[in-house]
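Undergrad: Letter by letter, the sequence shown follows residues 1 to 630 in UniProt numbering. Have a look at this one.
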Amino acid sequence: MVYREIYAGWQADPEAFWMDAASKIDWVKPPSKALNPSRAPLYEWFTDASVNTCWNAVDRHVLAGRGDQLAIIHDSPVTRTKHAITYAELQTRVASLAGALRAKGVEKGDRVIIYMPMVPEALEAMLACARLGAIHSVVFGGFAAAELAVRIDDCTPKAIIAASCGIEPSRVIHYKPLLDAAIEQASHKPDFCVILQREQEVAALIPGRDVAWHSFQYGTEPAECVAVAGNHPAYILYTSGTTGAPKGVVRPTAGHLVALNWTMRAIYDCGPGDVFWAASDVGWVVGHSYICYAPLIAGCTTVVFEGKPVGTPDAGTFWRVIAEHKVKAFFTAPTALRAIKREDPDGTLPSAYDLRSMKALYLAGERADPDTIHWAQNHLNIRVIDHWWQTETGYAIAANPLGIEALPVKIGSPTVAMPGFDVQILDEGGHPVPPGTLGAITVKLPLPPGTLPTLWNAEDRFVKSYLSHFPGYYETGDAGYVDEDGYLYIMARTDDVINVAGHRLSTGAMEEVLANHKDVAECAVVGVADALKGQSPVGFLCLNKGCTRDPQAIIKECVQLMRDKIGPVADFKRAVVVDRLPKTRSGKILRGTMVKIADGTEWKMPSTIDDPSSLDEIRSALQTIGYAQP
């Protein structure tokens, strides 16, 4: 069957579609029905089933005779180490850790915070929680103590599992002092902390509270898998950019299993034995869905990479990992690819590696600009698939489903809506707009299995944040349009659509124009306050490595490009060249903070910023063109 037939089949009978997908999962008690609408608009799925995630991700593969297959490959250029773990070994390690946690009092429904770098033990900790029915909340390793404390108070964990340190190319990040400070600041105190001691730094343990990862497992009975209800939370994940009260996305167990298993074959065309690599971090949703859970549920080998796209040791490290481990499907963020392209604009490094195993490159996390996609297509000679999803959904809303049908690529579009997602473009009044018209991207309720049913301890906030603006729809917060063929285009966050003299313009469309300039490696456009026109765009340009041209000449050419491609209506007259753009650790550009700096309004240092000094550079650059306070 081809995509349109499958999508139409879902539309005609969503219950049958999801019950068929559910048949591919091992159940303790199978569901009698898929959708439970009793609490609409807070829909739930497979609520009368019972199941265990760890069984589906680990034990069933061993039982099927595939225990000797690799489950995890850990490749760590920052520590110059590599090792692999089979499914049988993973089962033993996870059961042992789960047994030790159980012996210390962790039971079904308890929360456990995981604060770890990109090591296999991070996945083992997640799976051990799932094995017990405990609810994990992974916090990005190295996150500031104050932010970790807020999350401790929100989810009130019985235990915290952490590493002694994280490793960056140029430094060691001391996790344990951050953890100690967070617990000191938090009102809630965990019963105990498990510390994985790394060679690069052995942390001091606090007697009576801290236990070492290896020693506390000695002499404990391995734990069996504990069945949980279908709507039992698998985990809580706090969205990046959270300020004030945290926003904890809840992931329901059964829907999570069913949906992720479906996506591995339908979207990524991967199954048992295939090597899948998502170059993200376990602290982000991509790390949850496509480093830990989905590849293992599908019986794949997952790559856990501890390094950077450039500098560990060079811009060829991704290609080395793909060639060495025979990666079939590779998933990364456009920002990582742009960093590689900036270092290697002529694409000379990929040709040094045998990349024949790789069938497709998947991009998500932010808009994939056409220039970056062209670069990847030209130098990798494979399909480059842009797809779009959110922390809240847990997997792709729109994609090119290679496992069903390779649809024609339209550069700039993440292709089409996946089964389960009825995507609608609405105007401010909540009315559908014609094809090609910019509007708010929404999804008609109910959302499909595995998406968020609520926020942790914040049901009212969930309704207000996502369901109240457009009753009957989930508001994605993104703006875009659908073309005549049903292809979706994500142009900007809703608050990045700027109003220039009454014209609604997408900053994403402007960035697309700037990225086409031959000397521009990366860019951002924000709308700043303008007394006459309401808002006016300002561009920030990062140039290719080795570019020696006069920056003012490049700016002048970019202004002309914008005039040629979008027209005088864009009012694009101001741009600055900067060395880097301020980003979150997950690679999202902090446009909102940049706008506040430009407008001279009060702003707060974002908790998820990767490098705070990057905002100083933005302020200095803006001052040169008459914006920002000294």
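By construction, the Cβ of each residue, glycine as well, lies at the ideal position given by its N, Cα and C atoms. These figures come from a predicted structure and were not determined experimentally.
1. Does DSSP classify Leu505 as helix, strand or coil?
2. Do Arg342 and Cys542 have their C-beta atoms within less than 9 Å of each other?
3. Of the choices Asp153, Trp603 and Ala524, whose alpha-carbon is the least far from that of Arg493?
4. For Glu512, tell me which candidate among Ile152, Tyr489 and Cys54 has the shortest Cα-Cα distance.
5. Measure the beta-carbon distance from Ile597 to Ile566 and round it to whole angstroms, keeping in mind my assumption that it falls under 8 Å.
6. So which of Ala336, Phe331 and Asp344 has the shortest CA-CA distance to Lys359?
7. Using 10 angstroms around the beta-carbon of Thr243, count the other beta-carbons present and answer buried if the total reaches 16, otherwise exposed.
8. Compute the distance between the beta-carbons of Ala254 and Trp45, then report whether it is under 9 Å.
9. Reducing DSSP to helix, strand and coil, say where Thr372 ends up.
10. Just tell me which of Lys176, Ser164 and Lys104 has its CA closest to the CA of Lys158.
11. Got a sec? Which residues, its chain only, sit under 7 Å from Asp599 by beta carbon, not counting five neighbours each side?
12. Which value, in whole angstroms, describes the spacing of the CA atoms of residue 631 and Ile373?
13. Does the beta-carbon distance from residue 632 to Gly450 come in below 9 Å?
14. Would the beta-carbon of Lys533 fall within 9 Å of that of Val576?
15. Return the first residue and the last residue of the alpha helix (DSSP H) that Met491 is part of.
16. How do the region 416-429 and the region 439-458 stand: do at least 3 beta-carbon pairs fall below 8 Å, yes or no?
17. Counting only runs that start and end within the UniProt domain "AMP-binding enzyme C-terminal" (510-588), where is the beta strand (DSSP E) found for 3 or more residues in a row?
18. On the DSSP bridge list, what partners appear for Asp75?
19. So, does the region 36-51 touch the region 269-278, judging by three or more C-beta pairs under 8 Å?
20. Taking three-plus beta-carbon pairs below 8 Å as touching, is the region 305-318 in contact with the region 82-94?
21. Is it the case that the Cβ atoms of Ala515 and Pro537 are separated by a distance below 9 Å?
22. If you measure between the beta carbons of Ile167 and Arg198, is that distance less than 9 Å?
23. Check whether the Cβ of Arg151 lies closer than 8 Å to any heavy atom of the ligand ATP, and answer yes or no.
24. Starting from Asp99 and walking both ways along the alpha helix (DSSP H), at which residues does that stretch end?
25. Comparing alpha-carbon positions, which option in Val310, Val327 and Leu349 lies nearest Ala336?
26. Given this structure, state the Cα-to-Cα distance separating Val51 from Ala398, to the nearest angstrom.
27. Using 8 Å for Cβ pairs, my map puts residue 632 next to His136. What's the rounded Cβ distance?
28. Are there 16 or more other CB atoms within 10 angstroms of the CB of Tyr247, so buried, or fewer, so exposed?
29. Counting Cβ pairs closer than 8 Å, one from the region 65-73 and one from the region 185-205, do we hit at least three?
30. With distance defined between alpha-carbon atoms, name the residue in Val58, Ser215 and Asp496 nearest to Leu296.
31. Extract the residue ranges of the beta strand (DSSP E) inside the region 29-54, only unbroken runs of 3 or more that lie entirely within it.
32. Could you please give the first and the last residue of the uninterrupted beta strand (DSSP E) stretch that includes Pro252?
33. Can you pull the DSSP bridge partners for Leu70?
34. What's the gap between the Cα of Ser457 and the Cα of Ile73?
35. Which word fits Tyr473, buried or exposed, when buried means at least 16 other C-beta atoms lie within 10 angstroms of its C-beta?
36. From Ser413 to Lys518, what does the alpha carbon distance come to, in whole angstroms?
TA: Taking the geometry as given:
1. In this structure, Leu505 counts as strand in the three-state DSSP scheme.
2. yes
3. Ala524
4. Tyr489
5. Rounded, the Cβ-Cβ distance is 25 Å, inconsistent with contact.
6. Phe331
7. For Thr243, the pLDDT reaches just 43, beneath the cut-off of 50, and the residue's location in the model is therefore unreliable, leaving the point undetermined.
8. yes
9. helix
10. Closest by alpha carbon: Lys104.
11. Once the five neighbours on either side are set aside, the close Cβ partners of Asp599 are Val528 and Ala529.
12. Nothing in the structure corresponds to residue 631, since the chain is present only between 1 and 630.
13. There is simply no residue 632 to check, as the chain begins at 1 and stops at 630 in what is shown.
14. no
15. It is not in any alpha helix (DSSP H) - Met491 instead sits in the beta strand (DSSP E) that spans Leu488 to Arg493.
16. yes
17. 520-530, 534-543 and 574-577
18. Answer is Lys82 and Phe305, bridged to Asp75.
19. no
20. no
21. no
22. yes
23. Among the components of this structure there are no ligands whatsoever, and the ligand ATP is therefore not found.
24. Looking at the sequence shown, residue 99 is not Asp but Gly. Residues Tyr87 to Ala103.
25. Val310
26. 28 Å
27. This structure cannot speak to residue 632, because the chain is shown only from 1 to 630.
28. Before going further, note that residue 247 is Lys rather than Tyr in the sequence given. Label assigned to Lys247: buried.
29. no
30. Val58
31. none
32. Gly248 to Pro252
33. Thr86
34. The identity of residue 457 in the sequence shown is Asn, whereas the question assumes Ser. Between Asn457 and Ile73, the C-alpha separation is close to 36 Å.
35. buried
36. Approximately 22 Å, taken between the alpha carbons.
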